[in-house]
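Trainee:
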Amino acid sequence: MKKQYLVLGFIALLAIAWPFLPPFTVTLFSYIGLYAMVALGLVMLTGVGGMTSFGQAAFVGLGAYATAWICTSPTAAQWLSFLPAGLYPWVGLVLGLIVTALVAWGLGAVTLRLSGHYLPLGTIAWGLSLYYIFGNLDWLGGFTGISSIPPITIFGFSLASPRVLGVVIWAVLLLAIWALDNLLDSREGRAIRALKSGRLMAESMGIDTAQQRIKVFVLAALLAAVSGWLYAHMQRFVNPTPFNLNIGIEYLFMAVVGGSGYLWGAVLGATLITLLKEQLQDWLPRLLGSSGNFEIVVFGLLMLLVLQRASDGLWPILAGWVNRVLKIAPPKREVATSGAATLDQRQLPPAGEEVLKAQNVTKRFAGLVANNAVNMDVRAGEVHALIGPNGAGKSTFFNMISGVDDPTEGQVSLMGQTMQGKPSRAFAALGLGRTFQHVRLLGDRSVLDNVALGAHRRGHKGWIASMLRADRAEEAAVLSEAMRQIERCGLGAVAHTPAASLPLGQQRIVEIARALAGQPAVLLLDEPAAGLRHLEKQGLAKLLTQLRAEGLAILV
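Counting in my numbering, the sequence shown tops out at residue 542, every number present.
(1) Write down the C-beta distance between ARG411 and GLU189 rounded to the nearest angstrom, noting that I regard them as a contact closer than 8 Å.
(2) In chain order, what residues of the same chain lie with their CB nearer than 7 Å to the CB of THR130, ignoring the 5 residues before and after it?
(3) Should the region 248 to 256 be regarded as contacting the region 282 to 300, the criterion being three or more beta carbon pairs within less than 8 Å?
(4) How is the beta strand (DSSP E) around MET362 delimited, first residue to last?
(5) Alpha carbons only, please: which of THR328, GLY(-5) and VAL24 is nearest the one belonging to GLY49?
(6) In angstroms with no decimal places, state the Cα-to-Cα distance between ALA43 and LEU28.
(7) For ARG500, which of ARG444, LYS528 and MET453 has the nearest alpha-carbon?
(8) Could you have a look at THR257 and say whether DSSP puts it in helix, strand or coil?
(9) Okay, do the region 473 to 485 and the region 444 to 463 touch, 3+ Cβ pairs below 8 Å being the bar?
(10) Output needed for ASP392: all residues of its chain with C-beta closer than 8 Å, excluding positions within five of it in sequence on either side, in chain order.
(11) State the start and end residues of the unbroken beta strand (DSSP E) segment that holds ALA539.
(12) Which word fits ALA527, buried or exposed, when buried means at least 16 other C-beta atoms lie within 10 angstroms of its C-beta?
(13) Relative to the C-alpha of ARG420, which residue among PHE384, ALA62, LEU354 and THR531 is closest?
(14) Got a sec, what are the start and stop residues for the alpha helix (DSSP H) LYS408 sits in?
(15) Does chain D have any CB closer than 8 Å to the CB of LEU533?
(16) Between GLY377 and the rest of its own chain, which residues show a CB-CB distance below 8 Å, the 5 nearest in sequence each way excluded?
(17) Please report the residue range of the beta strand (DSSP E) in which SER399 lies.
(18) Taking Cβ to Cβ, would you say PHE229 is nearer than 8 Å to SER133?
(19) What three-state label does DSSP hand GLU340 in the structure shown?
(20) Pull up the distance between the alpha-carbon of ILE314 and that of LEU(-6), whole angstroms please.
(21) Which same chain residues, not among the five before or five after GLY78, have their C-beta less than 7 Å away from its C-beta?
(22) Per DSSP, what kind of secondary structure is VAL390 in: helix, strand or coil?
(23) Can you name the residues that DSSP bridges to LEU510?
(24) Taking the runs of the alpha helix (DSSP H) that are 4 residues or longer, which of them lie wholly in the region 187 to 221?
(25) On the DSSP bridge list, what partners appear for HIS370?
(26) Quick one: Cα of LYS447 to Cα of LEU181, how far?
(27) Which stretch, first to last residue, makes up the alpha helix (DSSP H) that contains PRO8?
(28) Does the region 481 to 499 come into contact with the region 426 to 433, if we say contact requires no fewer than three beta-carbon pairs (one atom in each stretch) closer than 8 Å?
(29) Does the region 278 to 288 come close enough to the region 232 to 244 to have 3 or more Cβ pairs within less than 8 Å?
(30) Output yes or no for whether 8 Å exceeds the beta carbon distance between ALA90 and PHE203.
(31) With distances taken from CA atoms, which of LEU209, ARG176, LEU342 and THR139 is nearest LEU160?
(32) So who's on the other strand from LYS349, going by DSSP bridges?
(33) Tell me whether the beta-carbon of GLY113 lies closer than 8 Å to the beta-carbon of THR97.
(34) Three-state secondary structure (DSSP) at PRO484?
(35) For the alpha helix (DSSP H) containing TYR117, name the first residue and the last one.
(36) Return the CA-CA distance between ARG199 and PRO8, expressed in angstroms with no decimal places.
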């Protein structure tokens, strides 16, 4: 059985049961759909991209307040007098998405520069700020809120009924899951997955990780804004309470409990937390004899239990159990060669031409001089060696001539261009590929995915094309190129194996294949033979000889 059949079965079951569900259950399912949309953004942001945010509820508020103001404000009505009133909610949606995108881009540009615990603290700060802005602006109704919000209409058909609007909510949620699943299964998706644990490596592959982080941040905010828009027209009333910090923490609970690295984990987490909260609000006052937000205590204990017993969330446990019971085999990606697009090709410089030059390169760490006035030039079609004992500064020098670090003094030239102050992705753009002394791979991804990451710069399809699966020809070309390099390096048998499960020697060969997938003109190999057995070293020597004959400049 294929996993797609399970998804289609779930959708069919929900569609069949929907007309017969009690009104309260319909409303509850609608809330689950709205919460899952926000949690879906947090899966992309936190689980996949590695950025923790406690402030998503504020973006829900932006979407809700934008449409509430458009639909109820006399000023807005005067501005939009040329439009039928039935279009006002749709104008509110557009306004909410624009405002949310601008606010998220501005906040992300500042907040995402932070790292460690400073990033979540920063999201708490602006989450609180937006909440109090909602409550203190008179034209937004203050803490009293805005009422009499009209329902959404489509071609004159009103979605005022919760049962009808619930269908729209779940349709939007399922479309979002489909689009995000397509995105993650693409060239851009591999770049997003590299943000969590491989930013330095990704930059060396030519990926602008800062831009990718902001784009993921904005995407998560837009999903929250759509949820807020639907919420406002379902409730027909908004006030600041549903957009405070506590609700933002609940959204994060949903993503983590369900499985922060899994799209369907957002749906599972939203369902469990919503149902549990609804039951606890009834049972805890009866058990404790008083009213209060005791469910927060239970949520805290639940979070500790999940983090201890199921750190990846409940979805992988549930999915593993279903796979065993129904005997669902893990998908094996087919690499198509026919119908593939043509990737960018690089013209290698003629043999003997100088491609990489270091002039008086010095690196100081406070009083320690790691490299002192080093001069070196590497030419096309040659293998150049950098030799020295442990601690001599070889890897430090590699980092400076590949853009990872800037020299304290001196300059580096690549392909005749001075590279002072340029990031490592600029070096990759000019044709420099490299491996690392300490292996840097996406351990939970397959060898094929890791090697395909090296060909990132050779494709051009963006996020929208990936979401709509309009990138399939280019994706086939990227995977075909990755497989070619994998087989060339003798790793064809483990192409679909998670990289972390390979021995260290083979992981180093994966790094070489990944660098070759970018079609470099200059290849930097930092201790490539470390951990290799005798026959593997002979194979590596043969590969380097072949690459030199093809015109590559190689620095070992």
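Backbone N, C-alpha and C fix where the C-beta goes; we use that ideal spot for every residue, glycine too. It should be emphasised that the depicted structure is a prediction, and the values quoted were computed from it without experimental measurement.
Mentor: The structure says:
(1) 5 Å
(2) ASN225
(3) yes
(4) 354 to 365
(5) VAL24
(6) 11 Å
(7) ARG444
(8) helix
(9) no
(10) MET386, GLN406 and GLY407
(11) 539 to 541
(12) exposed
(13) PHE384
(14) No alpha helix (DSSP H) contains LYS408, which DSSP labels as neither H nor E.
(15) Among the chains in the structure shown there is no chain D, since it carries only a single protein chain.
(16) none
(17) 395 to 400
(18) no
(19) strand
(20) 15 Å
(21) ALA52, THR53, ILE56, CYS57 and TRP215
(22) coil
(23) ARG420 and LEU541
(24) 195 to 221
(25) LEU541
(26) 19 Å
(27) It is not in any alpha helix (DSSP H) - PRO8 carries neither H nor E in the DSSP assignment.
(28) yes
(29) yes
(30) yes
(31) LEU209
(32) ASN357
(33) no
(34) strand
(35) 104 to 122
(36) 42 Å
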